[in-house]
Structures are given as C-alpha cells and as structure tokens.
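Heads up, the sequence shown is in my numbering, so the first residue is 492 and it goes up one at a time.
Glycine included, each C-beta is placed from N, C-alpha and C at the ideal position.
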Amino acid sequence: MATAKKAPAKKAPAKKAAPAKKVAAKKAPAKKVAAKKAPAKKVVAKKAPAKKVVAKKAPAKKAPAKKRTPNAAFMKALTLSPALSAVVGAAALPRTEIVRKLWIYIKAKGLQDKVNKRMVNADEKLRAVFGKAQVSMFEMAGLIGKHVK
C-alpha cells in the first residue's frame with residue numbers, strides 16, 4: 492500500500508503539473524507580452540531622465556539669449572595725450588572707441604604689414620604713440636594705455 496500511496500501522490504502532482512503547464516503555456520504568451528511591455532516601460536523610464544537632462548540644458552540655452560550689459564569701466568571716457576589725439580581725434584573717448592578709431596586709421600593708411608597681418612608698421616604719428624617702428628596688434632592696446640588718463 493505504500494507504493495499505492497506513492498503512485499497516486501505522483502499522479503496527482505503530474506495531473507496538476509500538466510494543467511499547470513497548459514496554464515503556464517497559456518500564461519507564457521501573456522508573460523511574454525508583459526515582458527515585452529516591461530522593457531518598453533523600462534525604455535520609457537530611461538527616456539524620462541534624458542528628458543530631464545534636456546530640460547536642464549534648455550535653461551542653459553536661455554541664459555546666453557539674455558542681452559549682455561556693458562561694463563561701466565569700458566564706457567568711461569578717457570582723456571588722450573597730444574600724440575594719441577593727433578591720430579584718433581581730440582575728444583575724450585572710451586578705450587574701446589580709441590582702439591576702433593586706431594584700426595580705422597591703420598586700415599585707411601595701409602599700415603598693416605602685408606606678409607604678417609599681426610604686425611602694424613607705424614608712420615610718424617603712430618611712432619610717437621607706439622615708440623617704435625613696428626608693433627604687434629596684441630601689444631598695441633598696452634601701448635595705448637600709456638597715452639590715456
């Protein structure tokens with residue numbers, strides 16, 4: 492009888508297992524669909540942080556769109572030395588305008604070196620300002636600083 496008890500015990504789980512497999516087989520597509528939906532949800536979840544990053548970048552793009560306010564120190568009118576006023580004019584000008592008018596003078600007289608465009612060949616008026624015959628455009632602003640107050 493022990494074997495008889497064991498046999499039905501084995502059959503009972505086997506019967507339960509068989510319908511369970513059928514149920515599992517029926518549920519498997521549902522799980523696969525759910526599994527397909529689950530990664531889709533995960534993908535959506537992955538895209539959500541990306542949207543947050545984009546949202547953070549959007550304000551960064553708005554910041555450069557604001558109009559820059561000029562620094563008052565650049566707009567301050569400076570008095571010119573007689574040597575510099577002979578080149579750019581006698582009126583008091585901000586440093587930015589002095590450099591702009593100096594470049595207008597250099598271009599009009601053709602004083603920029605033909606081979607090395609970074610160098611400016613000084614004429615008589617500019618030699619009085621620069622103190623030498625040829626000046627780099629990068630040191631030009633520093634030399635102008637000696638002639639303004």
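If you draw a 10 Å sphere on the C-beta of V606, you find fewer than 16 other C-beta atoms in it, and that means exposed. With fewer than 16 other beta carbons inside 10 angstroms of its own, F629 counts as exposed. Annotation for V611: no alpha helix (DSSP H) segment contains it, though the beta strand (DSSP E) segment containing it runs 610-612. Bounds of the alpha helix (DSSP H) holding S576 are 573-579. W594 and T570 have their C-alpha atoms roughly 19 Å apart. Look at L634 here: in three-state DSSP terms it is helix.
Looking at the DSSP output, V639 bridges to L571. Sixteen is the threshold: since fewer than 16 other Cβ atoms of the shown chains lie within 10 Å of the Cβ of A568, the residue is exposed.
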